[in-house]
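Chain order of the listed sequences is A, B and C.
As numbered in our numbering, residues 95 to 470 make up the first sequence, in order.
As numbered in our numbering, residues 328 to 616 make up the second sequence, in order.
As numbered in our numbering, residues 1399 to 1582 make up the third sequence, in order.
Reviewing the structure listed below.
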Amino acid sequence: MGKVVLMQGNEACVEGALAAGMRLYAGYPITPSTEIAELSALRLPQVGGKFIQMEDEIASIACAIGASVAGVKSMTATSGPGFSLKQENLGYAVLAEIPLVVVDVQRMGPSTGMPTSPSQGDMMMARWGTHGDHPVIAICPSSVKEVYDLTVRAFNLSEKYRTPVLLMMDEIIGHLREGMELPEPGSLKIVDRPTVNHPDSKRLPYRMKPGQLVPAMAPFGKGQRYNITGLIHDESGFPTNSTDEAEAMMSRLMHKISDNYDDIKDVVTENLEDADIAIFCYGGTYRAAKTAMEVAREKGYKVGIFRPRTVWPFPEEELREASKKLKRIIVAEHNYGQMLLEVQRVAGRDCEIGFVGKWNGGVNKPIRILERIEEG
Amino acid sequence: MVNTADVRPKTKQMSNLVYKYMRPEHLPHIWCPGCGNGIIMRDVAQAIENLGLSRNNTIIVSGIGCSSRAAGYLDFNTIHTTHGRAIAFATGIKLANPTLEVIVIAGDGDISAIGGNHLIHAARRNIGITVVVMNNNIYGMTGGQYSPTTPKGAFGTTAPYGNIDRSFDIAGLAYGAGASFAARGSAYHVQQTINIIQEGIRHKGFSLIDVASVCPTYYGRKNKKGSAVDMLTWQKENMIPVEKAEKMTRQELKGKLVLGIINQTQYKEFTFAYEEMIRRLFEEREKDE
Amino acid sequence: MSRQELRLAGSGGQGVILATVILAEAAIISGKHTAQSQSYGPEARGGSCKAETLISDEPIGFTKVQNPTFLMALTQKSLDDYGPKVDENCLVLIDSALEVPEDMPAAKVIKLPILETARTEVGRLQTANIVAVGCINGFLNITDAASMEKAVMMHIPKGTEKLNMKALELGKGLAEKWLEENGK
């Protein structure tokens, strides 16, 4: 067993990122994510990496994309208002297929909202915030240990599928300190993007070889010379106006995520075997749900938990399967009902859907979830 | 779809510069007849040739707008980014790998309106990238709206009664923000501009070259500036070399543009300073151990 | 006791957040589960400030205090704010200078000169939070004395070790003296 240390969620994000190979962080101060920038500034130069405080949120994600293009694993972190500002370049990274991790330690909005209050109000922005159709991978940790592990996973998925991955944290977990078991050195599985390191101007930079998940990526300055653009492009990396080529490209982008659903999905369930009620929750809300479940079980209610850690793509298959055996699903989240819509869409025909939301800056307490369970 | 490697015919019409530094299969360019951008792109290629830079080690970063198309035509590692953000992307590339030669090609709206914040902060930070502005005083790609460099009183499709904004002097703006190299060239003054771009690339620190382009299609037509030749002739007659301008009064310089290196100072370059800090940390750690 | 819910309140700058972090660290050292959190924002810039540590033998679900088993208040305002929210089983530790509000339940209230000890005996008011940590461990037995010293050392600035160890010792002494005089 590794050593158990006291760590804050935001700190675990940085340590996980470093373990995953992050060597550049670009950010802008914003509560409640600032500790991620502060610790990155301290830790990165110690391992030969770079930290830069950019002039704004837009520049931060642009800088992180630039670093990734030059072959360096990079990350940017922010909170609600900053996440809004990053949306355009998030779409750029999706389309140009640039690996990148973007962290949003959610806080209550809209607008400046309540800067230090917990929220999960950016879940739909994570899915649809940038314009245009696009696939998204978004991950939600529920403990400090999970922040560490899932930050590593976010980098790995991002490298493997050449796409930005969103780590959707919340203030509850970002600012929580708890014990965390450090992984044994060498025990982590680290994925690096497939690269091309020799100049070969004949190669089409966006053409896949058989068996590849994504085209290999040439780091600027080390491999072939090619063009990257945010315009719809063909396999040569240059803009195209051909509807056929546009469709081929869009379809490949969509399929690289949907075809690999089984690899990307990540659902944790508890006590679903005999349950007729499930609490659907994610991120910080899980902690209240777990306590509510334990108390309800003591009172004789057959309650379980359905908790996606990968929230996008939405775990449709798993939830649909689970819903067939359930009478009721109670969705608990810190918003006015966002993932609720997905649960209704997927499970609404098979069971009754209840909701315990929170949108006043307070914490969703176990007692509220318990009351909903007892309402029957 | 075109395989970039197959076609590289060296025809009589094609200059050596085009053959060596551009992607002929993506030419001819989309710029209008008479546009100054092609001249400026060629100036950049010539400066790179004169300096003997490695094509594999040189990065061209562009934003959005007419200017941004240069990234697609030049045969280096090229990245066509989002509107206004070229400098921020370039900062990431340079910081990740300071051995790369990073050149940003941007437009006036791109760099001084939507991207203004990145411009002043890159200048302040003194990160070692070179920014070449194709300054045509108008938003060309979207059809002739006034830009931050459209002169007061001039017309654009969004300034139908004449522009009431004052205009930016982009070279002066960069200088004011702390750029260690700020200069101006023009589409007309080819040789001088090549030299200035060369100096800008050689300069260790942030360099900005504001190059006066011409847009006969929108700016010229809206403002009755005549043909492309007339607009280039204006540059010939109204641009004053910096050495000469220093001896002229404000009154005499009214309506003129200063040509040349407006300011060059040596400050520590950002990525150099950062790597120095990393070395210091490693040395201190060694000492402790 | 399998689960303790500690709430520490004071004014910004008194170091109550650090005190809860040290208590959480002590819990980790002694192999227990813990969750520490605080209220942030303008409160951390001089207003009233609240921080919490949960300590349990079992993994912790909900990470916030629901029903405090222990409350410490260092200012009258924080006592007025959080005092009335405790039940009669809660142990309440307050600075000697404070008045117990009338609407507070009949909880066990202990008054100790925490601020005065830091100011005069340690010689530095800023060490009040470490005096408090010493007191709290004296009453709650979160961990042994050596582990608590270790936890404090992990979270204080270089050069202040001697001062803070003295503060911790004095805090421990205050609790021991009270327990001797009043019984357990």
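Idealized CB from N, CA, C, for every residue including glycine.
Within the same chain, 1452, 1458, 1461 come within 6 Å of residue 1433 of chain C by CB-CB distance, once the 5 residues on both sides are set aside. When C/1550, C/1576, C/1581 are compared, the shortest CA-CA separation from residue 1564 of chain C is found for C/1550. At a beta-carbon threshold of 9 Å, the residues of chain B lying near residue 163 of chain A are 386, 404, 406, 416, 419, 420, 423, ordered along the chain. Taking a beta-carbon distance threshold of 7 Å, residue 118 of chain A counts as an interface residue toward chain B. According to DSSP, residue 147 of chain A shares a beta bridge with A/121. Among the bridge pairs identified by DSSP, residue 1509 of chain C is matched with C/1492. Between residue 234 of chain A and chain B, the shortest Cβ-Cβ separation is not below 7 Å. Judged by beta-carbon spacing, residue 164 of chain A lies beyond the 7 Å limit of residue 249 of chain A, meaning their Cβ atoms are not closer than that value.
At a cut-off of 7 Å between C-beta atoms, residue 146 of chain A counts as an interface residue with respect to chain B. Taking 4 residues as the minimum length, the alpha helix (DSSP H) runs contained wholly in the region 1404 to 1486 of chain C are 1414 to 1427, 1474 to 1480, in order along the chain. Note on residue 429 of chain B: 16 or more other CB atoms within 10 angstroms of its CB, so buried under the neighbour-count rule.
The residue from A/181, A/191, A/178, A/217 with its alpha-carbon nearest to that of residue 406 of chain B is A/191. As DSSP reads the structure, residue 1402 of chain C sits in a beta bridge with C/1453. Nothing from the region 280 to 295 of chain A brings a Cβ to less than 8 Å from some Cβ of chain C. With a contact defined as Cβ atoms closer than 8 Å, residue 251 of chain A and residue 266 of chain A miss out at about 24 Å. Straight-line measurement puts the Cα of residue 1526 of chain C at about 58 Å from the Cα of residue 444 of chain A. Neighbours of residue 179 of chain A across chain B, judged by C-beta separation under 7 Å, do not exist; the nearest C-beta is about 11 Å away. Annotation: residue 219 of chain A to residue 417 of chain A spans about 26 Å, alpha carbon to alpha carbon. At a cut-off of 7 Å between beta carbons, residue 1446 of chain C makes no contact with chain A. A distance below 7 Å separates the beta carbons of residue 193 of chain A and residue 162 of chain A. Short of 7 Å from the beta carbon of residue 297 of chain A, and not among the five residues preceding or following it, lie these beta carbons of its own chain, in chain order: 290, 318. Taking the beta carbon of residue 98 of chain A as reference, the chain C residues within 7 Å of it are 1426, listed in sequence order. Spanning the alpha carbons of residue 442 of chain A and residue 309 of chain A requires a straight line of approximately 39 Å. Per DSSP, residue 346 of chain A has no beta-bridge partner at all. Judged by pairs of C-beta atoms under 8 Å, the region 476 to 495 of chain B does not touch the region 506 to 513 of chain B, as fewer than three such pairs exist. Looking at B/580, B/344, B/499, the one whose alpha-carbon comes closest to that of residue 460 of chain B is B/499.
Excluding residues up to 5 positions away in sequence, 1427 lie with their Cβ nearer than 7 Å to the Cβ of residue 1548 of chain C in the same chain. Within the region 387 to 470 of chain B, complete alpha helix (DSSP H) segments of at least 4 residues are found at 397 to 400, 413 to 423, 443 to 452, given in chain order. Measuring C-alpha to C-alpha distances from residue 279 of chain A to each of A/97, A/392, A/462, A/469 identifies A/97 as the nearest.
Proximity of chain A to residue 409 of chain B at the Cβ level (cut-off 9 Å) is accounted for by 152, 156, 182, 183, 185, 186, 324, in chain order. Checking the DSSP bridge columns, you'll see residue 397 of chain A partnered with A/371.
In this structure, the CA atom of residue 1524 of chain C is about 11 Å from the CA atom of residue 1530 of chain C.
For the 7 Å CB-CB criterion, residue 253 of chain A and residue 216 of chain A do not form a contact. Relative to residue 1494 of chain C, the option among C/1479, C/1514, C/1488, C/1484 whose CA is nearest is C/1514.
Contact annotation, residue 475 of chain B with residue 440 of chain B: C-beta distance approximately 5 Å; criterion of less than 8 Å satisfied. Beta bridge pairing from DSSP links residue 513 of chain B with B/539.
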